[in-house]
Amino acid sequence: MKIPAVGESISSGVVSVWHKKSGEQVKKGEPLFTLETDKVSTEIVAETDGVLRTKAAEGQEVKIGEVVAEIEESSAAGAAPTNKEKGAPEQTSVAAVADRGRPESPTPPTDIALSPAVRRIVDEEKLDPAKISGTGKGGRITKGDALAVTQNRGAPERTDTEASPATEVAGPVESLAPAAQDGRVVRKKMSPLRRKIAQQLVMAQHTAAILTTFNECDMSEVQALRAHAQEQFTKKNGLKLGFMSFFVKATVAALKAVPPINGRIEGDYFIQNNFYDIGVAVGTERGLVVPVVRDADKKSFAELERDIADYAKKAREGKLKIEELQGGSFTISNGGVYGSLLSTPILNPPQSGILGMHKIMERPIAVNGAVVVRPMMYLALSYDHRIIDGKEAVTFLIKVKEGIENPKTLPIDF
Amino acid sequence: MDKFDVVIIGSGPGGYVAAIRAGQLGLKTAIIEKDKELGGTCLNIGCIPSKALLTSSDHFSFAKTEAAKHGIVIENPRVDLPTMQKRKDKVVKTLTGGVRQLMKTNKVMVLEGMGTITAPGKVSVKSSGGETQEIESKNIVIATGSVPIELPFAKFDGQRIVSSTEALCFTEAPKKFLVIGAGAIGLELGSVWNRLGSEVTMLEFLPRIAVGFDLELSNLLQRALTAQGIKFHLETKVTGVKVENGHVIASAEKANEKLTFEADKVLVSVGRKPFSEGLGAEKVGVEFDERKRIKVDKHFRTNVEGIYAIGDVIAGPMLAHKAEDEGIACVEIIAGKSGHVNYDAIPGIIYTNPELAGVGITEDQAKEKGMEVRIGKFPFRANGRALANEDVEGLVKFIADAKTDKILGAHILQHAASELIAEPTSVIEFGGSSEDLGRTTHSHPTLSEAVKEAAMAVEKRALHIVNR
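Protein chains in written order, with my numbering: chain A, 1 to 414; chain B, 1001 to 1468.
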């Protein structure tokens, strides 16, 4: 079993949970483990029937194409191993048969190398070494690290002269810094997804020359049109007409007017995308994900609303597939759902632009020399100044504003 | 000439190892050496020749006093000093020739002559023939090492008042040999000539020998060397040295008492100083500390861009292996990698018999700092292999953190301590605990079992002694 190639921007992931134990019989199609990448977590299923031999520990970072398990086909114990090219040890038929004949060891073998003292403490205190953060060379767990975990838990420090079997089964233990005992500071390891998000964001800011330009739009016309068409739209399509479809349509129109914003840099080349795959940022409990609405220019308002609603549901349930998160040419992020009035979004590499939507707020503005109260939204466009000039960025944002303020100019199809 | 990526000034263990690593990393590298042979002090007039003489003289001691205990009868063993010296020279030649070969295989250009930095990125090399060539390099690594410190009242004359260089090359054992300074160099060369027949007296200003090493073990070493016939005068301040009628007369003060020592030769081994002047470093603005050491940051960078320094010429213990690891780290940093040296895990060794080896903090340092530590000790007298070897002198001592059990220091006094210290050093490097070492299987019967037992003694569970 190799980590499947899941797209151009994902090179590695983390085996977060094994659903099957090494040595267990598995059936084709059964989920074997959860692969967590910087985009999503996905379940990887067995490719064939057989006996599972895991080769990667939980929490281990793995590369695309890396062998994480072997499945010995039970019908043909001598089946040729398939992973020679990766240098994985060849499993001979004799070994495979012998392996199955051997009784399973009481504790599943762990791939984390532990020092002898740490091994004793982990054993006696029933700790999960994967949850202890190591301060030793290369992140190894020292005896002091393991002792700190047992002490933070309140268990008495055991030396082997007074060793007695642990009476209580410990729950999952987070590694805490010694200073955390009073609870004023709690230190815990970031999840792989959060670490990846962190890396990506910093990478984006180090790579591109990010600059943000602002504008604002009057939402009256969209609100009026929406109110007017809502009933009919809902009846016809079985879902509500939201604001997002308008912004996607306005964005597509603006991208067509200012093409470079829909492009990207690749080495010394500029790549112009002539398709309109728009990423829509969705916040989840585990972090932000950006599923991509394909060919947004060719979709109706109803199709756009359905795509977005589907993605939001999948994202909440953690069921987004990796391919649904890849290949976007531009991103829309709506901080308004949390009440943000103004923000400067960070680019989603390798894209060159991201539109920030915000909270709709009634504000007094001047219209034809008179002060009137209108539902207003600030718009922000962060862009890669390496390839997009200020004039283009400003023009883009004005096009979006015009589309929203005059929705009838958009290709209305409801 | 093409521009180099790295030019290293000095081909001692710091410099030549840095050059090899630079070659491995694909950097266009040159090394400058003022002497005819590569290898610097260590290979030519330091670590290596002294070990050659220490081993030879140790064999002689064995033949004279130890062999009989094993039931081997050697009647009137004698020393053929010219042969002994020739063997030493051959060892040195083999190694320096090896270094030259290594330069070739790693595509490092060797430039013979005195290297002087004329500007950042520029070095001039003046050969012994007087020709000068200018070379350019993106990076310059100063690895010029150190030289013996001279006492103002006892200038080296190369005959009677000598440094370690000459003391390695005596053609006959001086009848009376005086050593000023009981550090590693003094103790080793004092041992050599004591074994080869000299009457050796050592004068030390401090109240102890082997400063920097664990006090308890240093005192045990002093006792062992005294039993071998070396006389020690501690807390003794040498005030003058003069040569009269081919004899050296040293005057000294000890607790307000005036002492006079007469000898055929006197070795001044009171330490070494960085060889940092006359390299042009000061001219291009490189900063020095108060002891004339070149100031560098954690990445071995001086304050001048593109100029680095490693080894004895910067702060830290003057040890070949420290210089080597700094050389590697420095070049890796130059190549954009992450080089690092862990100064808490650098062992130090005195190659007397027994050898004294130590890594990390000593028991006395831990006490001084008021650290909460636990000590584990194990004597070689209780080790089967040591008994079989008739080599029971010495002990192993561990200093571990009282809370985390992390090993903070390890000290060994034994004939083979220099080899035994590698294991605790490794464990310290990995942040290991005494229990880690104690739970690791050691072959039986070996001297290394004593290391394991001492580690177990930290938690009072050593097997072959009573744990107190």
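For each residue, glycine too, the CB sits at the ideal point set by N, CA and C.
Since the model is a prediction, treat every value here as computed from it, not as a measurement.
Contact note: Glu1435 (chain B) reaches chain A through Pro116, Ala117, Arg120, Lys143, using a C-beta cutoff of 8 Å and chain order.
Nearest in C-alpha terms to Val1091 (chain B), of all of B:Leu1043, B:Glu1033, B:Phe1275, is B:Leu1043.
In the structure shown, the three-state DSSP call for His1247 (chain B) is strand. Not a single C-beta of chain B is nearer than 8 Å to the C-beta of Arg187 (chain A).
With fewer than 16 other Cβ atoms inside 10 Å of its own Cβ, Pro1082 (chain B) counts as exposed.
The continuous beta strand (DSSP E) containing Met357 (chain A) extends over residues 353-357.
When the five nearest sequence neighbours on each side are left out, the beta carbons in the same chain lying within less than 6 Å of the beta carbon of Glu43 (chain A) are those of Pro31, Thr34, in order along the chain. Assigned with DSSP and collapsed to three states, His1070 (chain B) falls in helix. Put simply, of B:Met1109, B:Ile1361, B:Lys1122, B:Asn1353 the residue whose alpha carbon is nearest the alpha carbon of Ala1345 (chain B) is B:Ile1361.
Distance between Glu1326 (chain B) and Ile308 (chain A), taken at the CA atoms: about 57 Å. Relative to the Cα of Ile387 (chain A), the nearest Cα in the group A:Arg264, A:Lys298, A:Asn152 belongs to A:Arg264. At a cut-off of 8 Å between beta-carbon atoms, Gly1181 (chain B) makes no contact with chain A. Below the 9 Å Cβ cutoff, chain A contributes Ser115, Pro116, Ala117, Arg119, Arg120 as neighbours of Arg1439 (chain B), in chain order.
Taken in chain order, the unbroken stretches of beta strand (DSSP E) that lie wholly in the segment 1161-1241 of chain B and span 3 residues or more are 1176-1180, 1199-1203, 1231-1233. Sequence-ordered contacts of the segment 1399-1421 of chain B with chain A read Asp1401, Lys1403, Thr1404, Asp1405, Lys1406 [C-beta pairs closer than 9 Å]. Secondary structure in the segment 1426-1456 of chain B: the alpha helix (DSSP H) runs of 4 residues or longer, each lying completely within the stretch, are 1434-1438 in chain order.
At least one CB of chain A lies nearer than 8 Å to the CB of Gly1431 (chain B). Taken through DSSP and simplified to helix, strand or coil, Asn1044 (chain B) comes out as helix.
Judged by DSSP in its simplified three-state form, Phe1153 (chain B) adopts coil rather than helix or strand.
For Arg140 (chain A), the closest Cβ of chain B is nearer than 8 Å. Not a single C-beta of chain B is nearer than 8 Å to the C-beta of Leu127 (chain A). If only complete runs of 4 or more residues are kept, the segment 1287-1363 of chain B shows the alpha helix (DSSP H) at 1320-1334, in order along the chain.
When the alpha-carbon of Asp1058 (chain B) is set against those of B:Asp1264, B:Leu1189, B:Thr1165, B:Gly1115, the nearest one is in B:Leu1189. In the three-state reduction of the DSSP assignment, Met1109 (chain B) falls in the strand class. Secondary structure within the segment 293-342 of chain A: the alpha helix (DSSP H) runs of 4 or more consecutive residues, fully enclosed, are 301-317 (chain order). At a cut-off of 8 Å between C-beta atoms, Thr150 (chain A) does not count as an interface residue with respect to chain B.
For Thr54 (chain A), there are no neighbours in chain B by C-beta distance under 7 Å, as the nearest C-beta there is about 26 Å away. The C-beta separation of Val1331 (chain B) from Leu1025 (chain B) comes to about 7 Å, placing the pair in contact by the 8 Å criterion.
The Cβ-Cβ distance between Val280 (chain A) and Tyr311 (chain A) falls below 8 Å.
Where Lys235 (chain A) is concerned, the enclosing alpha helix (DSSP H) starts and stops at 220-237.
Looking at the backbone, the Cα of Glu1449 (chain B) and that of Ser1443 (chain B) are separated by about 7 Å. When the Cα atoms are used, Pro411 (chain A) and Ala1335 (chain B) turn out to be separated by approximately 57 Å. Taking the CA atoms as reference points, Ala1030 (chain B) sits about 36 Å from Thr207 (chain A).
Taken atom to atom, the span from the alpha-carbon of Val258 (chain A) to that of Asn1342 (chain B) is near 55 Å.
With fewer than 16 other Cβ atoms from the protein chains shown falling within 10 Å of its own Cβ, Cys1169 (chain B) counts as exposed.
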